[in-house]
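Per my numbering, residue 3 is the first one in the sequence shown, and the count goes up by one each step.
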Amino acid sequence: MKRFLDTLKGIKQYPTAIFGVIVVLALLISALVVVITIPYDTAITTWRGGEEIVYKNPRNAPPTWYNWFRKEKLVESFDLKEGDENVTVEEEVTEGGTKIKTVTFAFDYEYDSFPQDIQLYFKSEYQAKQPFVSVKMITPDEREIKLQNFTIGKTYTYPFLQDQKLMKRLGGVTPNIGLFLDPESAEQKSIKGTYRVVVEAVCFEPDSDVHPEFVFHGQVFGWAGTDHMRRDLSLPLLWGIPIALSFGLLAALGTSLLTMIIAAIGTWFGGFVDALIQRITEVNMVLPFLCILIMIGTFYPSGRSIWTILGVTILLSIFTGGIKSYRAMFMQVKESTYIEAAKAYGASDSRIIFKYLIPRMIPLLLPTLISSVPSFVFLEASLALLGIGDPVLPTWGKMINEAYNNAALYRGWYYWIMEPAVLLMITGLGFASLGFALDRIFNPRLRGV
């Protein structure tokens, strides 16, 4: 307990350590909240789902905060359905038993730019006779624009942009622009104000009903934006936190502990055991680490799960220069008087290794462990960027890989790459700052540096 309190006092002396602690705690808390609020199955289903899950999202839309830095604001995305505040529903039953249901979607439009797309989605209930639907839009200057009439099935989608007849009525201008243009202006200028999309559904059966949903695809969406498949990029950004931390911490912990234990065993027993460990280390140090991981991911694609990659990473990272560094320190500890006393009263080899040798190195282990986390986090992201990471999990590296494959930088979708890159840099900086500060605290020779 005293050692822990002394460590906390030492951390207070270094601003970089305080920054590192804040970043690491924020990442750990965020990872825990993400795993609880977005369970694994939900995250995978959402990330790998089809159009039925992401249909409300625009395609390749920057995040909403883009508007903070623009004089001309981009159109924001939204969707309206029955029960929402700006949606009114009226029903009328004729003498013949026909039900006429009128649903009005009202929305304010205060933009100089135009939306990406507009769609109406219908779900209906009927036995034999399909409902008939009529759609119109009322502009802020009270012009009534007839959109389309059609019969719908159990489900139906009316895409405004694909309505060629509507486009002709708008003078050859695509509906996402023509519906908002000021007809009296020579310039391509929108009319600002409240628009209303009126859906009138005629149901011919007593129990028949129609449920429309209005989806307005703007040019910006959410706090993270979307990709080429309409997926919300906030999901891989959030789930990338627990994945990156799990991989980095487990790899760093497993590598550091196993390296220390093997070095202690070799130092204590010496002879053939020590020579064998040193030769394995020397061979492993000349092997191309990243190339081996790439080869495994390429030739064994079925084994590219995050746990397989983690296991191979730990296996290849054990016999590195750390073995020799720990061996040099254990050689000094081995000659200590308390080790001689332990041998004198008959302590077993395992007791001496795990009770007397290794505990002396724990203060040096912690800074090394913390400092090595960023390298493993970047390794996982690098493998995903090269296309040999886990094909299922939504990670930061996977985001950058898909952005690169879709020429995000060339097309101006900078957010797609910058968001995961910034999180990677913050993670690396936080752990590195904390690790360097702990190294100064536990290593007396560095305290004045």
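Using N, Cα and C, we set each Cβ at its ideal position, and we do this for glycine too.
Exercise for the section: Just list the beta strand (DSSP E) runs in the segment 45–97, keeping only unbroken ones of 3 residues or longer that don't cross its boundaries, in chain order. Expected result: 80–83, 89–95
Problem - Alpha-carbon to alpha-carbon, P133 and F206 - result: 7 Å
Problem - F124 - containing beta strand (DSSP E), residue span - result: 119–127
Handout entry: Pick from L163, E202, T66 that is closest to K103, judged by C-alpha positions
Key = E202
Handout entry: Rounded C-alpha distance that separates K58 from V77
Key = 15 Å
Handout entry: Residues near L448 by beta carbon distance below 8 Å, same chain, minus five either side
Key = Low confidence applies here, because L448 scores a pLDDT of 49, under 50, leaving its location unreliable; read the following figure in that light. Excluding positions up to five away in sequence, the list reads D441, R442.
Problem - Environment of R145 [buried if 16+ CB atoms lie within 10 Å] - result: exposed
Practice task
Reducing DSSP to helix, strand and coil, say where D110 ends up.
Solution key: strand
Problem - Cβ pair count under 8 Å reaching 3, the segment 65–72 against the segment 221–233 - result: yes
Exercise for the section: Check whether the Cβ atoms of L247 and L30 lie closer than 8 Å to each other. Expected result: yes
Problem - Cβ-based burial, Q221 [other Cβ within 10 Å; buried from 16] - result: buried
Exercise for the section: Look at the alpha carbon of G391 and the alpha carbon of N403, and state the distance between them as a whole number of angstroms. Expected result: 10 Å
Handout entry: Beta carbon of L168 nearer than 8 Å to that of V175
Key = no
Problem - Opposing strand residues paired with T216 [DSSP bridges] - result: Checking the sequence, you will find Phe at residue 216 rather than Thr. Beta-bridge pairing links F216 to L82, L122.
Handout entry: Reduced DSSP secondary structure (H/G/I, E/B, other) of F21
Key = helix
Exercise for the section: Report buried or exposed for E342, applying the criterion of at least 16 other Cβ atoms within 10 angstroms of its Cβ. Expected result: exposed
Practice task
Under 8 Å Cβ to Cβ from E284, same chain only, skipping five residues before and after it: list those, please.
Solution key: none
Exercise for the section: Please state whether DSSP places N178 in a helix, a strand or coil. Expected result: helix
Problem - Proximity of V314 and I296 at Cβ, strictly below 8 Å - result: no
Exercise for the section: Could you have a look at L172 and say whether DSSP puts it in helix, strand or coil? Expected result: coil
Handout entry: First through last residue of the beta strand (DSSP E) which encompasses P161
Key = 157–161
Problem - Cβ shell of D110 (< 6 Å), same chain only, five flanking positions each side left out - result: T196
Problem - Nearest neighbour of Y160, chosen from I179, D229, E215, G51 [CA to CA] - result: E215
Exercise for the section: Indicate the three-state DSSP secondary structure (helix, strand or coil) for R145 in the structure shown. Expected result: coil
Handout entry: Whole-number beta carbon distance between P117 and N178, since they are thought to touch under 8 Å
Key = 5 Å
Exercise for the section: Counting only the same chain and skipping the five closest in sequence on each side, list residues whose C-beta sits under 7 Å from that of V451. Expected result: Only weak support exists for where V451 lies, its pLDDT of 49 falling under 50; the coordinates are left without a value.
Handout entry: Residue from Y128, G180, M139, L388 with nearest C-alpha to T157
Key = Y128
Problem - Reduced DSSP secondary structure (H/G/I, E/B, other) of K194 - result: coil
Problem - C-beta contact flag for I308 and I245 at 8 Å - result: yes
Practice task
Output the distance between the C-alpha atoms of T310 and L317, rounded to the nearest integer angstrom.
Solution key: 11 Å
Problem - Range covered by the alpha helix (DSSP H) that runs through V222 - result: It is not in any alpha helix (DSSP H) - V222 carries neither H nor E in the DSSP assignment.
Exercise for the section: Assess, as a yes-or-no matter, whether the segment 91–107 is touched by the segment 258–265 under the definition of 3 or more beta carbon pairs within less than 8 Å. Expected result: no
Practice task
Give the DSSP-derived three-state secondary structure of T104 in the structure shown.
Solution key: strand
Exercise for the section: Go through its chain and collect everything with a Cβ distance to P208's Cβ below 7 Å, but skip five positions before and after it. Expected result: G99
Handout entry: Three-state secondary structure assigned by DSSP to E1
Key = Because the chain spans 3 through 451 in this model, residue 1 falls outside it and cannot be assessed.
Handout entry: DSSP beta-bridge partners of S136
Key = N151, E202
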